[in-house]
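Comments concern the structure below.
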Amino acid sequence: MNITHASFVTLPVADQDRALRFYTEVLGFEVTADLDMPQGRWLQVAPEGAQTVFTLSGPGMGGFEPGTTRGIMLVTTDVDADCERLAQAGVSVQGPDDLPWGRMAGFQDPDGNGLMLLTEAAQ
């Protein structure tokens with residue numbers, strides 16, 4: 055096998071503009087693509103410098119159901135500060151909690167897609 059990385063992760067959303075505001079204004083992601091396609095808008099965001107991007111898939115793009123994605127792990131250098139920022143933005147956050155692999159918290163985007171924040175434990 056010669057796989058080097060994941061290109062993108064699909065996050066099904068009901069309203070791409072609302073999702074775009076959340077991912078850019080709340081999470082601080084950058085827009086990496088925003089194109090009109092025959093089947094709909096191709097909208098991608100990512101943390102600065104990330105190799106894997108998130109496709110905010112709206113209605114008509116692949117038949118995905120908004121709010122069904124779970125388990126997306128976002129690694130951060132300061133989970134506590136990020137949780138505070140999310141809470142200030144009105145996002146409900148579960149945690150953070152200390153676990154053997156690091157300090158972790160969970161939250162949902164406006165469509166109910168489940169994401170997690172992790173500050174990895176020192177090795």
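As numbered in my numbering, residues 55 to 177 make up the sequence shown, in order.
Where is the CB? At the ideal position from N, CA and C, for every residue including glycine.
The structure presented is a predicted model; accordingly, all values stated were derived computationally and were not measured.
ALA104 (DSSP reduced to helix, strand or coil):
Reduced to three states, the DSSP call for ALA104 is coil.
Between the CA atoms of THR78 and LEU172 - distance to the nearest angstrom
Roughly 19 Å separates the two Cα atoms.
Quick test of your reading: ASP134 and PRO150, contact by CB under 8 Å. State the CB separation rounded to the nearest angstrom.
Right, the Cβ-Cβ distance comes to about 6 Å (below 8 Å), so this counts as a contact.
Roughly how many whole angstroms lie between the Cα atoms of GLN142 and LEU169?
17 Å
Identify whether THR122 lies in helix, strand or coil by the three-state DSSP scheme.
DSSP places THR122 in the coil class of the three-state scheme, outside both helix and strand.
With a Cβ-Cβ cutoff of 9 Å, do VAL80 and LEU140 count as a contact?
yes
Throw me the rounded Cβ distance for the THR131 and LEU65 pair, which I believe falls under 8 Å.
Not quite, the Cβ-Cβ distance comes to about 23 Å (not below 8 Å), so this is no contact.
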